[in-house]
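Asker:
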């Protein structure tokens, strides 16, 4: 875990809950969308006192938050935050077919992309390919390039988890989809470009942010 996190050169870490996000960044505020968001200044003298666990509680109507880091690396603050959570790694894919349709699954009353937890001994790309194959019944599958990384928190089985999900653009020539019902997937479907906006609006907040900024 330490190697994965410490090799990041990102200047921002956007952590999502069901209702809002907490962006940890040292990017200038003038280049960020700050409208309607709470701004918290973070520096080397106060970051240990900022109540991140409280900021990341799931609260309906909670404003999204920008933690503006001024004089230390944003990764130091991020690593401090995740110490309060069980850290989980996962991976998945945004799959395109030859007709430029995109693969989505419907689970837990939301549209989503196929993904799943990393198993011991796997590299993260292997996880992404395996999970898409298992959840959608595809065999002919190829990674094109990395799409991005999302972070979100949730409470499950008596513990607070923070999931880091690695996403990849993928392609396939297969059209037949088999939804993995035992994983709670109601359906897997190819979505045309004319329907994408409608589907993305019904995705979880973290995934919606990724897709809208891709």
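In the working numbering, the protein residues as written are 8 to 221. Glycine is no exception: its CB is placed at the ideal position from the N, C-alpha and C atoms. None of the values given here were measured: they were computed from a predicted structure.
Which class does residue 87 belong to by DSSP, given the choice of helix, strand or coil?
Answerer: Position 80 of the chain shown, counted from the first residue, corresponds to residue 87. Residue state, collapsed to three classes: helix.
Asker: So, with DSSP's three-state summary, where would you put residue 3?
Answerer: Here the chain comprises residues numbered 8 to 221, so residue 3 is not present and cannot be evaluated.
Asker: Rounded to a whole number of angstroms, what is the C-alpha to C-alpha distance between residue 169 and residue 93?
Answerer: Counting from one through the chain shown, the residue named residue 169 turns up at place 162. Counting from one through the chain shown, the residue named residue 93 turns up at place 86. Those two C-alpha atoms are separated by around 6 Å.
Asker: Thinking residue 155 and residue 217 are a contact (beta carbons under 8 Å), I'd like their distance in whole angstroms, please.
Answerer: The residue given as residue 155 occupies position 148 in the chain shown. The residue given as residue 217 occupies position 210 in the chain shown. Right, their Cβ atoms sit about 5 Å apart.
Asker: Does the Cβ of residue 121 have 16 or more other Cβ atoms within 10 Å, making it buried, or fewer, making it exposed?
Answerer: Position 114 of the chain shown, counted from the first residue, corresponds to residue 121. Looking at its Cβ environment, which holds 16 or more other Cβ atoms inside 10 Å, residue 121 is buried.
Asker: Can you give the Cα-Cα distance for residue 30 and residue 97, rounded to whole angstroms?
Answerer: Looking up residue 30 in the chain shown gives position 23. Looking up residue 97 in the chain shown gives position 90. Cα to Cα, the separation comes out at about 20 Å.
Asker: Between the alpha carbons of residue 18 and residue 157, how many angstroms are there, rounded?
Answerer: By 1-based counting over the chain shown, the position of residue 18 is 11. By 1-based counting over the chain shown, the position of residue 157 is 150. If I take the Cα positions, the gap works out to 14 Å.
Asker: To the nearest whole angstrom, what separates the beta carbons of residue 184 and residue 210, a pair I think is in contact under 8 Å?
Answerer: Counted from its first residue, the chain shown places residue 184 at position 177. Counted from its first residue, the chain shown places residue 210 at position 203. Rounded, the Cβ-Cβ distance is 18 Å, inconsistent with contact.
Asker: Would you mind sorting residue 51 into buried or exposed? The rule is 16 or more other CB atoms within 10 Å of its CB.
Answerer: As a working note, residue 51 is residue 44 in the chain shown. Result: exposed.
Asker: Do the segment 104-112 and the segment 196-209 touch if we need at least three Cβ pairs shorter than 8 Å?
Answerer: The answer is yes - the segment 196-209 touches the segment 104-112, with three or more Cβ pairs under 8 Å.
Asker: Rounded to a whole number of angstroms, what is the C-alpha to C-alpha distance between residue 103 and residue 178?
Answerer: Start at 1 with the first residue of the chain shown, and residue 103 comes out as number 96. Start at 1 with the first residue of the chain shown, and residue 178 comes out as number 171. If you take the alpha carbons of residue 103 and residue 178, they lie about 5 Å apart.
Asker: Can you name, in chain order, every residue of its own chain whose Cβ lies under 6 Å from the Cβ of residue 20, other than the five neighbours on each side?
Answerer: Against the chain shown, residue 20 aligns to sequence position 13. Taken in chain order, the residues that qualify are 31 and 85.
Asker: Per the DSSP calculation, residue 28 is bridged to which residue(s)?
Answerer: Reading the chain shown from its first residue, position 21 is the one you call residue 28. Note: residue 28 sits in a beta bridge opposite 23.
Asker: Could you tell me which of 39, 64, 46 and 100 sits nearest to residue 234, measuring between CA atoms?
Answerer: A question about residue 234 goes unanswered here, because the residues of the chain that appear run from 8 up to 221.
Asker: Below 8 Å between beta carbons: does that hold for residue 82 and residue 60?
Answerer: The residue given as residue 82 occupies position 75 in the chain shown. The residue given as residue 60 occupies position 53 in the chain shown. No, the Cβ-Cβ distance between residue 82 and residue 60 is not below 8 Å.
Asker: Assign residue 206 to buried or exposed, taking buried as 16 or more other Cβ atoms, counted over all protein chains shown, within 10 Å of its Cβ.
Answerer: Within the chain shown, the letter at position 199 stands for residue 206. Buried, because 16 or more other Cβ atoms sit within 10 Å of the Cβ of residue 206.
Asker: According to DSSP, is residue 66 part of a helix, a strand, or is it coil?
Answerer: Sequence index remark: in the chain shown, residue 66 carries index 59 (1-based). Coil, per DSSP.
Asker: Name the DSSP beta bridge partners of residue 152, please?
Answerer: As a first step, residue 152 must be located in the chain shown, where it is residue number 145. Answer is 176, bridged to residue 152.
Asker: Given a threshold of 16 other Cβ atoms within 10 Å of its Cβ, counted over all protein chains shown, does residue 149 qualify as buried or as exposed?
Answerer: Here residue 149 is taken as the residue at index 142 of the chain shown, counted from 1. When all chains shown are included, residue 149 counts as exposed.
Asker: Judging by CA-CA distance, which residue of 55, 162, 73 and 220 is the nearest neighbour of residue 43?
Answerer: Along the chain shown, read from residue 1 onward, the residue named residue 43 stands at position 36. Of the listed residues, the one whose Cα sits closest to residue 43 is 73.
Asker: List the endpoints of the continuous alpha helix (DSSP H) containing residue 101.
Answerer: As a first step, residue 101 must be located in the chain shown, where it is residue number 94. That residue, residue 101, is in no alpha helix (DSSP H); its beta strand (DSSP E) goes 93-103.
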